[in-house]
Amino acid sequence: MEGPPFDQHDMETLRKLRKDNVHSGNWGMAAKYARVIADELPEDASEQRAASEIFLRSEEISEALRYAQRAVRVAPDVVEYHLHAGVLLNRMENFSAAIAILLETADLAPELPEVYAQLVTAFRGVGDLVRAEKVAQKAWSLDPNSEHHSYTLAWLYEQSGAWDDAIHVMQTFMAQRSEVPPEAHRKLSGHFMQNQQLLAALAEIDAAIEADSTLAEYHIHRSCILLEMGEREAAEESVSRAVELDSNNLSARRHLVTVLIENGNTQEALRRGAELLSLRPEDPEYASCMRHLLDAQSMAGTTVELVQIAEMKRAAPPRPAPPRPSFWRALNVQIGTLFALALRDIRSRHGESKLSFVWVLTEPVIHIGVLAIVFQYTMKGVPPIGDNFFLFYFTGVLPYLLISHLISHLGHAVRSQKVLMQIPRVSPMDLLLARVVVEAFTTGVVFFLFIGMFAMTGTNAVPPDPITVLAGFGLTLLLGTGTGLIFAAVAEFSRIGEQISSLLLRFLYFASGVFYVPHMMPLQARETLVWNPFLHVVDYVRLGYFPYYDPFWLDLKYALTCAVVSVVIGLSLVTILRRKMRMIQ
Amino acid sequence: MIEFERVSKIYHTREGHKQILSDASFCFEAGHNYGILGGNGMGKSTLLRMIAGAEFPDAGQIHRRARVSFPLGFSGTFHTHLSGRQNANFLARIYGVDPNGMSEFVAEFSELGPYFDMPMETYSSGMVAKLAFGVSLAIDFDVYLVDEVTEVGDARFRRKCSEAFMSRMSRSDIIMVSHNSHTIKAYCDRGAILKDGHLHFFDSINEAVREHDRMMEE
Numbered sequence: 252m253e254g255p256p257f258d259q260h261d262m263e264t265l266r267k268l269r270k271d272n273v274h275s276g277n278w279g280m281a282a283k284y285a286r287v288i289a290d291e292l293p294e295d296a297s298e299q300r301a302a303s304e305i306f307l308r309s310e311e312i313s314e315a316l317r318y319a320q321r322a323v324r325v326a327p328d329v330v331e332y333h334l335h336a337g338v339l340l341n342r343m344e345n346f347s348a349a350i351a352i353l354l355e356t357a358d359l360a361p362e363l364p365e366v367y368a369q370l371v372t373a374f375r376g377v378g379d380l381v382r383a384e385k386v387a388q389k390a391w392s393l394d395p396n397s398e399h400h401s402y403t404l405a406w407l408y409e410q411s412g413a414w415d416d417a418i419h420v421m422q423t424f425m426a427q428r429s430e431v432p433p434e435a436h437r438k439l440s441g442h443f444m445q446n447q448q449l450l451a452a453l454a455e456i457d458a459a460i461e462a463d464s465t466l467a468e469y470h471i472h473r474s475c476i477l478l479e480m481g482e483r484e485a486a487e488e489s490v491s492r493a494v495e496l497d498s499n500n501l502s503a504r505r506h507l508v509t510v511l512i513e514n515g516n517t518q519e520a521l522r523r524g525a526e527l528l529s530l531r532p533e534d535p536e537y538a539s540c541m542r543h544l545l546d547a548q549s550m551a552g553t554t555v556e557l558v559q560i561a562e563m564k565r566a567a568p569p570r571p572a573p574p575r576p577s578f579w580r581a582l583n584v585q586i587g588t589l590f591a592l593a594l595r596d597i598r599s600r601h602g603e604s605k606l607s608f609v610w611v612l613t614e615p616v617i618h619i620g621v622l623a624i625v626f627q628y629t630m631k632g633v634p635p636i637g638d639n640f641f642l643f644y645f646t647g648v649l650p651y652l653l654i655s656h657l658i659s660h661l662g663h664a665v666r667s668q669k670v671l672m673q674i675p676r677v678s679p680m681d682l683l684l685a686r687v688v689v690e691a692f693t694t695g696v697v698f699f700l701f702i703g704m705f706a707m708t709g710t711n712a713v714p715p716d717p718i719t720v721l722a723g724f725g726l727t728l729l730l731g732t733g734t735g736l737i738f739a740a741v742a743e744f745s746r747i748g749e750q751i752s753s754l755l756l757r758f759l760y761f762a763s764g765v766f767y768v769p770h771m772m773p774l775q776a777r778e779t780l781v782w783n784p785f786l787h788v789v790d791y792v793r794l795g796y797f798p799y800y801d802p803f804w805l806d807l808k809y810a811l812t813c814a815v816v817s818v819v820i821g822l823s824l825v826t827i828l829r830r831k832m833r834m835i836q
Numbered sequence: 005m006i007e008f009e010r011v012s013k014i015y016h017t018r019e020g021h022k023q024i025l026s027d028a029s030f031c032f033e034a035g036h037n038y039g040i041l042g043g044n045g046m047g048k049s050t051l052l053r054m055i056a057g058a059e060f061p062d063a064g065q066i067h068r069r070a071r072v073s074f075p076l077g078f079s080g081t082f083h084t085h086l087s088g089r090q091n092a093n094f095l096a097r098i099y100g101v102d103p104n105g106m107s108e109f110v111a112e113f114s115e116l117g118p119y120f121d122m123p124m125e126t127y128s129s130g131m132v133a134k135l136a137f138g139v140s141l142a143i144d145f146d147v148y149l150v151d152e153v154t155e156v157g158d159a160r161f162r163r164k165c166s167e168a169f170m171s172r173m174s175r176s177d178i179i180m181v182s183h184n185s186h187t188i189k190a191y192c193d194r195g196a197i198l199k200d201g202h203l204h205f206f207d208s209i210n211e212a213v214r215e216h217d218r219m220m221e222e
C-alpha cells in the first residue's frame, strides 16, 4: 500500500470514511481505510489499536494481531493494548505467546481480573491446568461476583477432582447474587452430581428448569441424574421432554437411546439409534452405539440372561442319562431309521409325482416288450416254456432287474449319500440296507402291477406255486444284496468297481438265463454256466411259474450257499470299512 | 456327559497330516456350556464332528451319555428334491421324534409359509438356514453342537432364534466353536483351547478367552 503521502486534510477525509463504514457495519471497507491511516501514522498507538479492532471485526485475526502488536510496541505501558494482544493470541491459539504478553500485562495491572481470566484460557491451551487453576483463583478473588470467573474456577476445580471446592465457589457466587442466573444452578447441579450428591443435584437442576424450562440441555442433565439415581422411567420422561423441545438436538436424541436401552426397550432404542445414524452416518460414536445395539439385539441381552440360565441349570435336577436301549427299543429305532432312509430315497428319486410308478414300470415294460416281440418272430411263435412270450420274459427280466438294481445302487449308495454321514445315528450300513428295502419294495410293487396288467390282457399271471416264487425272489434278493455290498466296499477304494459291476451285469444278462432256458444250451456251455449262482435263482423263480419245467441242473444248496457267503462277506467288509465309509472328504 | 478316553486323531489334508488329538483324555460335564477356542486349522470342526459321532477317532474311545445334536443349523443333510416338510420329517424319524409334531413346530418356527411344502431347490439360502435352525430346535437334544453361530434372517427372526435357543439352554448344554470370543462369552460358562493335540480346559470362559488372545498375539 505504497501511495503518495497524505496531508492533514486527506487524513480527516479518510477518518470520516472509516467512521462511516464502521457505522454502516461495512467492516471490509472500514479495514481498508483503517490500514491506510495506521500505516500513515505508525507512531500513533491509538490508530494502530483502532485498526486492530476493525480487522478483528472483519474477521482478519492475523492482521488484527499485527496492528495490536504495533500498538503495544509504540505504547508499552498501556494495559489495554497488552490485554488486547493477549486476547488475540489466545484466539489464534498461540497460547505460549499469549502467556508471555499476558504475564507482562499482569505485572502492569496486578488487580485486573480480566487479565487473569485470559491467562486461564492460555494456560488451559497449553494444558497446564495447575497454573490455570491458580490464575483462575486470582481472577475469582478479585471479582467473585463475575459469572464467568466463578464458572471457570469451578470447572477447573472439577477437572482436578476438587468437587467440594467447585461447589463452594458456585455457592459463594450464588449467595452474592440477588437473582441467580439459571446457568449457575445448572453448573452447581453438575458439580453436585460429580460429588455423588444426587438429591442436591436434582434440586439445583429443578431450580434451573424453573427459571428457564426451554433449554433441552437442562432436561438431558436432569435425565442423567435420574438415571444415576435409578429412576429410569422419570429419566426417560425428562429426556423425551428434551427431544420434544429441540428435535435437532442430537445429544438429546443420543441420550434417549441410552435411556431406552437401560429401560430394556431395545426395539425403540434401535429405531431411535437408526434415525440418529441416518442423520449423521459418518459419526463413529453413533455407529458404534448402533453396532452395540444390534449385537445386543442378536443375543437378546445375553449377559443378563446367562446368569439366570447358569442358575437355572444348577437348580434343575440333572437330566437323566438316556436309558440303555433294550433290544426291542434298538430294533424299533433301527426300523425307524431304515424306514426314514427308504422313504427319503423313494421320494427323492421320484418326487411327488403321482405318475412316478409309471416311470418305475417303464424299464421292465420296454425290456419285456422288446424281448417278447423280437423272439415271437425269431422263435416261430413258441416260447421256451409255456405259451406266452410276455409271461416267459417277465419271469426272467424281473429277477434280473432286481439283481441289477441291487448291484448298481448299493455300489454307490454310500458315496452318493455321503452328506447323511454327518448324522451320527445313520451308519453306512443303514444307507445300504435302506437301499435293499427300497429295491425289494419296488420289485414287489412292479410284480403286482404286472399281474394286474397281464390280467387286463386276459392272461393269468398269478403263479401256481407262489411259495417257490417268493423263495426265488428272496434268494435273488439275498444274492444281489451280498454282491452289492461287496461292490459298495470296493467303491470306497476305487471307481473301478463301477466299471467292473457294469461289465458283470452285462455278463449276467447273458449268463443267467434271462431270455432263454439253459435247456437250449449245449451241454458244455451249460456246465460252465451252472457255476453262475444267478442262473440258479432265476430258474428257481421260473420253477414257481411253470410246474412242468424241469431244470435238473438246478442246485438250490449251491445257490443258497453262494447267497449266504456273499452276504457274510459283504456285511463283514462294510463293518470293517465303516470308519472309512463315514469319512467325509 | 461326553468323555474322550485316550483319543488320537490325525486329519489328512492335501497339505499333509495334522495331529488334532494325541492320546487325549477329557470330559465335557453335563450342566455346562463349553466354548472351544483355537487357531485356524487346529481342527476345531473335526473335534466337533468327533463329539457328534460323525467321525471316528483313530485310536481311543468316545463315550456319549447324552443325545448329541448334529452341528446347529447344519443344512447339508437336506435333499434339494424334497420339500422342507419331507426333510424335517426325515430327521424326525431318524431321531425318533413324532413327524407330525416336528412339521407343526418347524412350520410355525421357520415361517416359510407355502414354501414349506415346496422342493428345497426353490429355497433361498436364508430360507434353508431358517429351516435348519427350526429342525435343530424341534429335536430335544441334551447337547447342542454349534460350529460358528450363523446369523439367520432379519433382526426379528434372529431375536426369535436366540430366545428359543436361550430357553432351550436351561435344559440342554452347548458345545460351541467360534472365532468370535464375544459370542463364546455370551453363551458359554466354561472354555477350552485346542492346541498341539490337546484340549486344555478352563473353569471360566473369560480365563480361556484371555489365554487364547494372549496366544494369538504371540
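Residue numbers (the numbering used here), protein chains in the order written: chain A, 252 to 836; chain B, 5 to 222. Ideal Cβ placement from N, Cα and C applies to all residues, glycine included.
Quiz item: Can you tell me the Cα-Cα spacing of A467(A) and R492(A), whole angstroms?
Solution: Between the C-alpha atoms of A467(A) and R492(A) there is a straight-line separation of about 8 Å.
Quiz prompt | Sub-8 Å separation of A452(A) and H436(A) beta-carbons | solution = One thing to note: A452(A) has its Cβ no nearer than 8 Å to the Cβ of H436(A).
Quiz item: D379(A): which of S392(A), D358(A), P395(A) and Q410(A) sits nearest, CA to CA?
Solution: Taking D379(A) as reference, the option from S392(A), D358(A), P395(A) and Q410(A) with the minimal CA-CA separation is Q410(A).
Quiz item: Since L370(A) is in the alpha helix (DSSP H), which residue starts that stretch and which ends it?
Solution: Where L370(A) is concerned, the enclosing alpha helix (DSSP H) stretches over P364 to G376.
Exercise. Measure the alpha-carbon distance for A349(A) versus L407(A) and round it to whole angstroms.
Key: Straight-line Cα distance between these residues: approximately 20 Å.
Self-check item: chain A contact for Y99(B) (CB, 8 Å cutoff)
Solution: By the rule that beta-carbons nearer than 8 Å mark a contact, Y99(B) touches chain A.
Quiz item: Is the Cβ-Cβ distance between L682(A) and A706(A) less than 8 Å?
Solution: Contact check for L682(A) against A706(A) fails: the beta carbons are separated by 8 Å or more.
Practice problem: Would you kindly report the start and end of the unbroken alpha helix (DSSP H) that includes R18(B)? | Solution: In the DSSP assignment, R18(B) falls outside any alpha helix (DSSP H) and carries neither an H nor an E.
Quiz item: Roughly how many angstroms lie between the CA atoms of D638(A) and M772(A), to the nearest whole one?
Solution: Cα to Cα, D638(A) sits roughly 20 Å from M772(A).
Quiz item: What is the rounded straight-line gap between the Cα of R660(A) and the Cα of L756(A)?
Solution: Correcting the residue identity first, residue 660(A) is His in this sequence and not Arg. Between H660(A) and L756(A), the C-alpha separation is close to 12 Å.
Practice problem: Determine the chain A residues that contact T126(B) at a beta-carbon separation under 7 Å, and present them in chain order. | Solution: None at all; the shortest Cβ gap to chain A is about 13 Å.
Quiz prompt | Straight-line gap, K389(A) to D328(A) (C-alpha atoms, nearest Å) | solution = Distance from the CA of K389(A) to the CA of D328(A), rounded to the nearest whole angstrom, comes to 22 Å.
Quiz item: Are the beta-carbon atoms belonging to I674(A) and T84(B) less than 8 Å from one another?
Solution: With contacts defined by Cβ atoms closer than 8 Å, I674(A) and T84(B) do not form a contacting pair.
Quiz item: Counting only beta-carbon atoms, is G80(B) nearer than 8 Å to chain A?
Solution: Closer than 8 Å to the CB of G80(B) there is at least one CB belonging to chain A.
Quiz item: Which runs of the alpha helix (DSSP H), 4 residues or longer, sit entirely within the segment 61-95 of chain B?
Solution: Complete alpha helix (DSSP H) runs here, min 4: none at all.
Quiz item: Any idea which residues DSSP pairs I14(B) with across the strands?
Solution: Looking at the DSSP output, I14(B) shares a beta bridge with Q23(B).
Practice problem: Compare the C-beta of V420(A) with all C-beta atoms of chain B and state if any pair is closer than 8 Å. | Solution: It does not; no Cβ of chain B falls within 8 Å.
Quiz item: Between the segment 15-48 of chain B and chain A, which residues of the former have CB atoms less than 7 Å from a CB of the latter, in chain order?
Solution: Those would be A34 and G35, in chain order.
Exercise. Compare the C-alpha of L592(A) against each of S529(A), L622(A), L684(A) and L478(A) and name the closest.
Key: Distances from the alpha-carbon of L592(A) to those of S529(A), L622(A), L684(A) and L478(A) put L684(A) closest.
Quiz item: What are the residues of the segment 649-679 of chain A that lie near chain B, defined by any Cβ-Cβ distance shorter than 7 Å?
Solution: Within the segment 649-679 of chain A, the residues whose Cβ lies closer than 7 Å to some Cβ of chain B are V670, L671, M672, Q673, I674, P675, R676 and V677, listed in chain order.
Quiz item: So, using beta-carbon positions, are A315(A) and Y332(A) closer together than 8 Å?
Solution: Cβ atoms of A315(A) and Y332(A): not closer than 8 Å.
Practice problem: With 8 Å as the threshold, decide whether the Cβ of E59(B) is near any Cβ in chain A. | Solution: So, interface residue.
Practice problem: Below 8 Å on the Cβ atoms is my guess for A302(A) versus R286(A); work out the distance and round it to an integer in Å. | Solution: Right, the Cβ-Cβ distance comes to about 6 Å (below 8 Å), so this counts as a contact.
Exercise. Identify the contact partners of V431(A) in chain C, using a Cβ-Cβ distance below 8 Å as the criterion.
Key: Of the chains in the structure shown, none is chain C; the protein chains are A and B.
Quiz item: Using a C-beta cutoff of 8 Å, does V72(B) count as contacting chain A?
Solution: So, interface residue.
Practice problem: Using only alpha-carbon positions, find the residue among V720(A), T693(A) and R666(A) that is nearest to F744(A). | Solution: Comparing Cα positions, the closest option is R666(A).
Practice problem: Identify, in the order they occur along the chain, each residue of the same chain with its Cβ nearer than 7 Å to the Cβ of D394(A), setting aside the five sequence neighbours on each side. | Solution: Result list for D394(A): P364 and H400, in chain order.
Quiz prompt | Minimum Cβ-Cβ distance from V555(A) to chain B less than 8 Å | solution = Unreliable placement is indicated for V555(A), whose pLDDT of 44 sits below 50; no coordinate value is reported for it.
Quiz item: C192(B) and Y38(B): beta carbons closer than 8 Å?
Solution: Contact flag set, yes.
Quiz item: In three-state DSSP terms, what is L728(A)?
Solution: Helix at L728(A).
Quiz item: Thinking C-beta only, is A486(A) closer than 8 Å to S502(A)?
Solution: The answer is no: Cβ separation not under 8 Å.
Exercise. Name the two residues that bound the continuous beta strand (DSSP E) containing K199(B).
Key: Counted as a single uninterrupted DSSP element, the beta strand (DSSP E) harbouring K199(B) occupies residues R194 to K199.
Self-check item: Same chain, Cβ closer than 8 Å to N396(A), five either side skipped, listed in chain order
Solution: Annotation for N396(A): F424, Q427 and R428 place their beta carbon closer than 8 Å to its own, counting only its chain and skipping 5 residues before and after.
Quiz item: If we call anything under 8 Å between Cβ atoms a contact, is Y181(B) one with G195(B)?
Solution: Position check: residue 181(B) holds Val in this sequence, whereas Tyr was assumed. No. Outside cutoff.
Exercise. Please look up how many angstroms separate the CB atoms of I636(A) and F643(A), rounded, as I've assumed it's under 8 Å.
Key: Cβ-Cβ separation between I636(A) and F643(A): approximately 6 Å, consistent with a contact (criterion under 8 Å).
Quiz item: Would a check of beta-carbon distances place H85(B) closer than 8 Å to chain A?
Solution: Taking Cβ atoms only, chain A reaches closer than 8 Å to H85(B), which makes this a yes.
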